[in-house]
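Protein chains: 2
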Amino acid sequence: MSADERRDQVIRAAVAEFAMRGLEGTSTSDIAKRVGVSQPYLFRLFPTKRDLFIAAVGYSCGQVRDVFSEAAEGRYGTEALAAMGEAYQNLLLADNELLGMQLQQFAACHDPEVQTAVRRGMQGIWQHVENLSGAPVDVRVDFFAKGMLCNMIAAMGRADGNDPMWQPILDVLRDESRAAAGPDRASCEAIPVRTGSPREPGYAEYVLRSFSSDSDSSA
Amino acid sequence: MSADERRDQVIRAAVAEFAMRGLEGTSTSDIAKRVGVSQPYLFRLFPTKRDLFIAAVGYSCGQVRDVFSEAAEGRYGTEALAAMGEAYQNLLLADNELLGMQLQQFAACHDPEVQTAVRRGMQGIWQHVENLSGAPVDVRVDFFAKGMLCNMIAAMGRADGNDPMWQPILDVLRDESRAAAGPDRASCEAIPVRTGSPREPGYAEYVLRSFSSDSDSSA
DNA sequence: CCAAGAAGTAAGTGACCGATCACTAGGTTC
DNA sequence: GAACCTAGTGATCGGTCACTTACTTCTTGG
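First to last, the sequence lines map onto chains A and B.
Residue numbers are given in my numbering: position 53 of the first sequence equals residue 82, and the series is strictly consecutive.
Residue numbers are given in my numbering: position 69 of the second sequence equals residue 98, and the series is strictly consecutive.
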């Protein structure tokens with residue numbers, strides 16, 4: 030298997046592991062074990078654990094963009110937003126690595142390099158939602174705000190809808206996103222949608238930047 | 030110094046440390062150093078590091094409640110909510126441990142015991158906001174959703190308002206909370222406010238539960 | 001056929017971490 | 001003054017961590 034293919038495999042495994050225990054709580058052995066390679070080999074593919082984490086952040090942000098693209102296909106304005114929101118909530122219900130990475134990446138923002146990567150990833154998602162929906166900024170702010178609240182409720186394990194306290198809140202989150210797509214909010218319907226935003230450079234770009242010519246110069 | 034006073038001191042130090050590096054990234058020596066006691070002594074005050082983290086979660090949730098109480102004093106309905114929101118945003122600007130604990134506690138929710146503690150803490154805050162504002166559930170959902178979004182933007186270091194991309198978003202967050210308190214949303218104005226919700230059992234209750242009679246029975 | 005380079009690993013390193021244990025100092029009570 | 005309690009420490013242990021070094025095996029193209 031080529032190193033690039035391996036790197037891809039490692040990143041996917043890293044997403045799964047980092048999503049559970051975070052940057053500091055995950056050992057490189059855990060990731061190596063999941064891939065099925067030796068732990069030292071990870072350090073040939075990625076210079077440091079943090080760099081692998083950053084790549085995982087980029088990958089998972091790309092996944093979010095893909096989910097949004099798929100959900101919004103053929104829809105416009107707030108209707109697209111509602112579809113994206115519903116797709117996202119459904120994703121949180123299915124135990125998914127996306128939630129974990131969302132939580133862990135913000136928690137790891139104390140590290141400046143991680144922070145920069147997270148910022149870039151979130152900007153990419155934000156831009157993508159703007160391109161897909163064409164909705165005005167205040168509507169998008171609402172969209173993201175509620176998404177973040179969904180994350181927190183899901184983190185607390187109350188996204189399955191079996192809790193008397195959180196269920197009404199989840200209902201509000203779901204109903205409002207549906208209502209927003211209804212006919213009473215007409216301002217966005219006519220906004221032309223700029224689709225096909227060029228796929229932003231994600232983890233692949235990172236890999237290229239870091240490993241374009243990884244030579245043992247001292248050998 | 031009595032053990033209870035020390036425990037309090039340790040919890041405050043733990044909040045500061047855990048807020049930065051999280052449950053797994055913080056060493057017990059770091060916390061001990063900050064307090065000025067030996068690291069082994071922490072384990073006389075708290076049985077495990079995780080228990081200390083849980084106590085820190087409880088403490089920081091209590092702080093949030095206190096901030097809300099102070100901000101909402103003498104205000105009602107959405108007006109109280111707006112004041113709380115503004116107080117919270119100002120708190121995020123001043124580099125505060127609250128943000129870090131917010132982020133870290135959700136990231137640590139993979140641990141079931143931590144998750145339970147976080148859920149209890151957030152339920153306490155949620156209940157507190159309901160009591161203070163008396164606002165209907167959809168308004169409160171909006172309030173919390175935007176608070177969570179503020180957290181994320183602050184985590185990315187863009188809460189200081191010097192970023193061309195995030196500034197408009199922060200403006201929306203601030204303006205909307207103000208507008209919501211304006212006269213065009215009257216439904217909540219008349220709702221009587223139940224103040225003085227009994228201070229919920231926080232970390233102190235935890236301490237009592239765990240250390241009510243800590244005896245070396247084998248000696 | 002063989003050299004060069006790439007994929008991959010076994011073994012190891014020093015640092016660190018959470019937790020334990022045996023112990024001391026100072027005070028209180030009969 | 002013996003018995004007892006509480007606050008607090010030094011030493012250290014078993015284990016884990018990220019990362020390194022030196023090696024082997026496989027592939028490939030001239």
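Ideal Cβ positions, reconstructed from N, Cα and C, are used throughout, including at glycine.
Predicted model only: the values in this text are computed from it and were never measured.
(Q) Measuring straight from C-alpha to C-alpha, what distance separates B:R104 and A:Q38? (A) 55 Å
**Q.** Integer Cβ distance of A:A136 from B:A45, believed to fall under 8 Å
**A.** Between B:A45 and A:A136 the Cβ distance is about 16 Å, and since that is not below 8 Å, they are no contact.
**Q.** Buried versus exposed, by CB contacts within 10 Å (16 or more), A:Q196
**A.** exposed
Q. Name the chain A residues whose beta carbon is nearer than 9 Å to that of B:A320?
A. Because chain B in this structure spans residues 30 to 248, residue 320 of chain B falls outside the shown range and cannot be described.
Q. Can you tell which of A:G65, A:F82, A:E34, A:S98 has its C-alpha closest to the C-alpha of A:R50?
A. A:F82
Q) Which of helix, strand or coil does DSSP assign to A:Y70? A) helix
Q) Cα separation between B:D254 and B:A84? A) In this structure chain B extends from 30 to 248, so residue 254 of chain B is not present and cannot be described.
(Q) Please report the straight-line C-alpha distance between A:M177 and B:L132, rounded to a whole angstrom. (A) 12 Å
Q: Using three-state DSSP, classify A:D204 as helix, strand or coil.
A: helix
Q | Length-filtered (4 minimum) alpha helix (DSSP H) runs lying within the region 82-136 of chain A | A | 106-122, 126-136
(Q) Against A:Q133, what residues of chain B qualify as contacts under a CB-to-CB distance less than 7 Å, listed in chain order? (A) A136
**Q.** Closest by C-alpha distance to B:Q92, when choosing among B:E108, B:E142, B:L128
**A.** B:L128
Q | Beta-carbon neighbours of A:V193, restricted to chain B and to distances below 7 Å | A | First, the amino acid is wrong: residue 193 of chain A is Pro here, not Val. Residues of chain B passing the Cβ test: none, with the nearest at roughly 11 Å.
Q) Which term fits A:A123, buried or exposed, when burial requires 16 or more other beta carbons within 10 angstroms of its beta carbon? A) exposed
**Q.** Inter-residue CB distance, B:L121 and B:A48 (contact presumed, cutoff 8 Å)
**A.** No, B:L121 and B:A48 are not in contact; Cβ-Cβ is about 12 Å, not under 8 Å.
Q) What does A:K175 touch in chain B if you count any residue whose Cβ is under 7 Å from its own? A) A174
Q) How should A:V166 be labelled, buried or exposed, when 16 other C-beta atoms within 10 angstroms of its C-beta is the threshold for buried? A) exposed
Q: Measure the alpha-carbon distance for A:H157 versus A:S206 and round it to whole angstroms.
A: 18 Å
Q: Measure the CB-CB distance between B:F75 and B:R36 and report whether it falls below 9 Å.
A: yes
Q: Hey, could you find the ends of the alpha helix (DSSP H) A:M194 is sitting in?
A: No alpha helix (DSSP H) contains A:M194, which DSSP labels as neither H nor E.
Q | Burial state of A:Y117, where buried means 16 or more other Cβ atoms lie within 10 Å | A | buried
Q.
Once the 5 residues before and after A:P193 are set aside, which same chain residues still bring their CB inside 6 Å of it?
A. none
Q: Look at the alpha carbon of B:D80 and the alpha carbon of B:N125, and state the distance between them as a whole number of angstroms.
A: 22 Å
Q: On a CA-only basis, which of A:K62, A:Q144, A:G114 is nearest A:S162? Give me that one, please.
A: A:G114
Q: Tell me whether B:Y70 is buried or exposed, calling it buried when 16 or more other Cβ atoms sit within 10 Å of its Cβ.
A: exposed
Q) Can you list the residues of chain A that B:M49 reaches, using a CB-CB cut of under 9 Å? A) H139
(Q) Which residues in chain A have a C-beta closer than 7 Å to the C-beta of B:M181? List them in chain order. (A) F135, M177
Q. Cβ of A:V147 within 9 Å of Cβ of A:V86?
A. yes
**Q.** Residue burial classification, B:M181 (beta-carbon count within 10 angstroms, cutoff 16)
**A.** buried
Q: Report the three-state DSSP secondary structure of B:T145 (helix, strand or coil).
A: helix
**Q.** Residue nearest to A:V170 in terms of C-alpha spacing, selected from B:D59, B:V143, B:L52, B:D204
**A.** B:D204
Q: Using 10 angstroms around the beta-carbon of A:A208, count the other beta-carbons present and answer buried if the total reaches 16, otherwise exposed.
A: exposed
Q: Spatial neighbours of B:P227 within its chain, please: CB distance less than 7 Å, with the 5 preceding and 5 following residues excluded, ordered by chain position.
A: Any reading at B:P227 must be qualified, since the residue scores a pLDDT of 35, below 50, and its modelled position is unreliable; the value itself is stated next. Excluding residues within five positions, none has a Cβ falling inside 7 Å.
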